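For reference, the structure is listed below as structure tokens.
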Ligand code: KG4
Ligand code: ZN
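In full-length UniProt numbering, the protein residues as written are 5 to 339.
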């Protein structure tokens, strides 16, 4: 395994990505082709369009990953590909392509869980991050808390019952008349807003304290906007954005800290697209520090969908002999 070269491929949602990793953790290339512009017109990801664009992009993206890394397919020792969860039609493009390379080149093929890959991304930059630790994944598709026992053991503590955190940002942006994806725009507006102006609900879910629910919050925001509009007033967009963001951040921070304390773990790792949110990072950092908990977050390019994280977890699975064959199917939901 010393100098193995892994080609990672990721097509679970709206990013076509390929990366080359040299063991143990040198990223030789990391190519991400985003379809955000294509889907933004529709206010969200359109699965059929995503599949078609993956088909169009997969060959050039993999070729660019190889050329950026200054290698050819002859140098590759293993293919790691996202097998699920995600959009089935999107996953199948990457998986079929990976199977084809694996078969023609006689290379081992590893099927990687996308969420586990997000949780593992931290090891590309912080190889000494301890096991076990609390892993928090917040993206457009997932909001979950895990105990990460080692590279291949992920114990789910709780997850969202309805919308993912990023999805809530995107939906609130939509009702505020803002473009997709809404997360970055809302957080920009929130910087100038009053975080206490509206007391939006925080779903604590006492019975299942590590589960999340953002649909009540979304409805509360929509009702507030409607009331203001019906009264003939202007919507204070910045204050709505700030109060909404505060409600999301507070719930995620509370649950992450609670998990670390309950399980006596002294490291929290945050990842996923919403980890780009400055307020969330700052608040979690502050609360963690106060309790002598280490807080780690990958750099932005490794937080959002990418194939370097897939290659990285793929390498760990390869070491343990966890490979798949040409009969393996993609899976849409978490296993
Ligand atoms: O991980 P990601 O790139 O894609 C997946 O969902 O897998 O996450 C995208 C999500 C979008 O919902 C986007 O609105 C959100 O991350 N996002 C943010 C911020 N930047 C991206 N949400 C809040 N604040 C941000 N700064
Ligand atoms: Zn993702």
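Glycine included, C-beta positions come from ideal geometry on N, C-alpha and C.
None of the values given here were measured: they were computed from a predicted structure.
- Cβ-Cβ separation between residue 229 and residue 244: approximately 7 Å, consistent with a contact (criterion under 8 Å).
- With a minimum length of 3 residues, the unbroken runs of beta strand (DSSP E) contained wholly in the region 99 to 155 fall at 113 to 117, 137 to 142 and 147 to 154.
- A distance of 8 Å or more separates the beta carbons of residue 12 and residue 143.
- Sequence-distant Cβ neighbours of residue 82 in its own chain, meaning closer than 8 Å and more than five residues away, are 8, 9, 10, 11, 111, 112, 113, 114, 318, 319 and 322.
- A check of alpha carbon separations from residue 183 across 48, 67 and 271 identifies 48 as the nearest.
- 8 Å or more divides the Cβ of residue 213 from the Cβ of residue 282.
- At least one heavy atom of ligand 2 is found less than 7 Å from the C-beta of residue 145.
- In this structure, the C-beta of residue 167 stays at least 7 Å away from each heavy atom of ligand 2.
- Between the C-alpha atoms of residue 298 and residue 103 there is a straight-line separation of about 39 Å.
- Residue environment analysis places residue 90 among the buried positions, since at least 16 neighbouring C-beta atoms fall within 10 angstroms of its C-beta.
- If you compare the alpha carbons of 200, 96 and 168 with that of residue 336, the shortest gap goes to 96.
- In the displayed model, residue 303 falls within coil according to three-state DSSP, outside both helix and strand.
- In summary, residue 64 is exposed, with fewer than 16 beta-carbon neighbours lying within 10 Å of its beta-carbon over all protein chains present.
- In this structure residue 26 is buried. Its beta-carbon is surrounded by 16 or more other beta-carbon atoms within 10 angstroms.
- Our two residues, residue 151 and residue 162, have alpha carbons roughly 10 Å apart in a direct line.
- Between the alpha carbons of residue 22 and residue 71 lies a distance of about 11 Å.
- For the 8 Å CB-CB criterion, residue 137 and residue 272 form a contact.
- Within the same chain, and ignoring the five residues on either side of residue 249 in sequence, the residues whose Cβ sits closer than 7 Å to its Cβ are 190, 191, 194 and 283.
- By the 16-neighbour rule on beta-carbons within 10 angstroms, residue 246 is buried.
- For residue 211, the three-state secondary structure derived from DSSP is coil.
- For residue 44, the distance from the CB to the nearest heavy atom of ligand 1 is not below 7 Å.
- Taking C-beta separations shorter than 7 Å and ignoring five residues to either side along the sequence, the partners of residue 171 in its chain run 144, following chain order.
- For residue 271, the secondary structure class from DSSP, reduced to helix, strand or coil, is strand.
- Distances from the CA of residue 155 to each of 165, 167, 133 and 164 were compared; the closest alpha carbon is that of 133.
- In the structure shown, residue 19 adopts extended strand secondary structure according to DSSP, grouped into three states.
- Taking 8 Å as the cut-off, the Cβ atoms of residue 300 and residue 288 do not count as close.
- With respect to the 8 Å criterion, residue 218 and residue 169 are classified as neighbours on the basis of their beta carbons.
- The three-state secondary structure of residue 279, taken from DSSP, is helix.
- Per DSSP, residue 33 is one residue of the beta strand (DSSP E) stretching across 30 to 38.
- Look at residue 226 here: in three-state DSSP terms it is helix.
- With a cutoff of 7 Å, residue 309 counts as near ligand 1, since its C-beta is closer than that to a heavy atom of the ligand.
- Annotated three-state conformation of residue 256 is helix, per DSSP.
- Each of 19, 45 and 30 was checked against the Cα of residue 181, and the nearest Cα belongs to 45.
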